[in-house]
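See structure below.
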Amino acid sequence: MKKALHGATVLLTLLGGGEAVAVEWMNNSVGFRYGQQFTNPNNPNDFSKRIYSFTHASGYQYGSNFLHLDVFLSDSRDPRKGTDHGGSEVYAVYRHQLYASRVFDRPVGTGLIKDYALTLGFDANRNNNLASAKKRAVVLGPTLKFNTVGVLDLSLMYYKENNHSGIPGAKDPNHTFDDTYMLNLTWMRPFEIGNHGAKFQGFINHVGDKGHDYNSRDTAAETLMRTALMVAVRPGKSVKPNLYLGVGYEYWHNKFGVDGGRGSRTSTPTVNMEVTF
């Protein structure tokens, strides 16, 4: 398995280099969202977060690349470890898709399915609160690309995570979890309100249980949903640059695989802003 993961890393590097010299399309955005009812396991308090983000999506001869970076800034109810000041976190997601129609140079989709893809990528984070997480996860698996306006992808992927716990007393603070699966649904539905562009976008991740945690307790399957309804300020179709304003919602059940208890469930509305270019 280690050899397979190393091979996936090498392939990502090679494909990323190829994409840089033959970009067919590209979308970039910077964003901001804010909510007041975030939670963390082992924290009895709800807290607010300011979240700054950068998103890049592009296509090339054989597929596409997606990179998303979030910077989370919490209030003092989610403090930096050892202080009474708000903590911070950086979280990166990268996904590469190889399209069957591009690789085999012929149409493969029919009716409901536009194309088939192989998705591979990674998640990585670092934060400085009590948990002091240092997540590294890889994903790999097939994707159905549905024949619809915008994007509607359904993926079933192998998922492997290594993480760190800075909580005092953890038996295995640098822990490799068991192999499991991730079921992902991603969507972006464009439409218009009057002569202004609009979009409904988001994702749902469902990750199976990952075996034991840092203290040999069973983990639970977790579900994370983030979604937003956004409307462009500048009129016109596909105008760039443009400012989008809207509202969003985040729901997280059994957060980090923690099986119930205070802080393991997040349900918070957000206000969102995004500049596309």
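Quick note on numbering: the sequence shown equals residues -22 to -1, 1 to 255 in mature numbering (1 follows the signal peptide of the UniProt record, and there is no 0).
Virtual Cβ for every residue (Gly too), placed ideally from N, Cα, C.
Output the distance between the C-alpha atoms of residue i and residue j, rounded to the nearest integer angstrom.
i	j	result
residue 83	residue -1	17 Å
residue 25	residue 17	6 Å
residue 81	residue 129	20 Å
residue 170	residue 192	48 Å
residue 105	residue 99	21 Å
residue 92	residue 124	5 Å
residue 138	residue 176	36 Å
residue 36	residue 4	4 Å
residue 224	residue 194	42 Å
residue -19	residue 62	With a pLDDT of only 42 at residue -19, under 50, the local geometry of the prediction cannot be trusted, and no value is derived from it.
residue 9	residue 206	12 Å
residue 159	residue 70	19 Å
residue 251	residue 221	7 Å
residue 255	residue 115	29 Å
residue 253	residue 216	12 Å
residue 236	residue 141	14 Å
residue 187	residue 19	16 Å
residue 52	residue 90	42 Å
residue -9	residue 11	Legend: pLDDT at residue -9 = 47, less than 50; position of this residue unreliable, no value from coordinates given.
residue 44	residue 32	11 Å
residue 34	residue 6	5 Å
residue 102	residue 113	5 Å
residue 238	residue 78	40 Å
residue 68	residue 94	31 Å
residue 226	residue 190	33 Å
residue 134	residue 165	15 Å
residue 196	residue 65	27 Å
residue 59	residue 23	15 Å
residue 183	residue 234	12 Å
Please report the residue range of the beta strand (DSSP E) in which residue i lies.
i	result
residue 79	Note, residue 79: premise wrong, no beta strand (DSSP E); alpha helix (DSSP H) at 78 to 81.
residue 200	200 to 213
residue 181	174 to 185
residue 35	25 to 38
residue 142	129 to 142
residue 49	41 to 52
residue 168	158 to 171
residue 153	152 to 154
State the beta-bridge partners of residue i as determined by DSSP.
i	result
residue 63	Answer is none; residue 63 lacks a bridge partner.
residue 99	73, 117
residue 252	9, 222
residue 245	229
residue 105	67
residue 123	93, 131
residue 88	91
When the distance is taken between beta carbons, is residue j closer than 8 Å to residue i?
i	j	result
residue 246	residue 75	no
residue 127	residue 168	yes
residue 173	residue 198	no
residue 269	residue 2	An answer regarding residue 269 cannot be provided, because it is not within the stretch -22 to 255 covered by the chain.
residue 260	residue 240	Residue numbering for the chain in the displayed model covers -22 to 255; residue 260 lies beyond these limits and cannot be assessed.
residue 256	residue 88	Lying outside -22 to 255, the shown extent of the chain, residue 256 is not represented and no answer is given.
residue 118	residue 136	yes
residue 178	residue 204	no
residue 248	residue 228	yes
Open item on the list: Across the segment 137 to 150 and the segment 84 to 95, are there enough close Cβ pairs to call them in contact, namely three or more that are closer than 8 Å?
Closed with: No contact exists between the segment 137 to 150 and the segment 84 to 95.
Task: Segment contact, 8 Å Cβ cut-off, at least three pairs: the segment 130 to 147 with the segment 102 to 112 - done: Yes, the segment 130 to 147 touches the segment 102 to 112.
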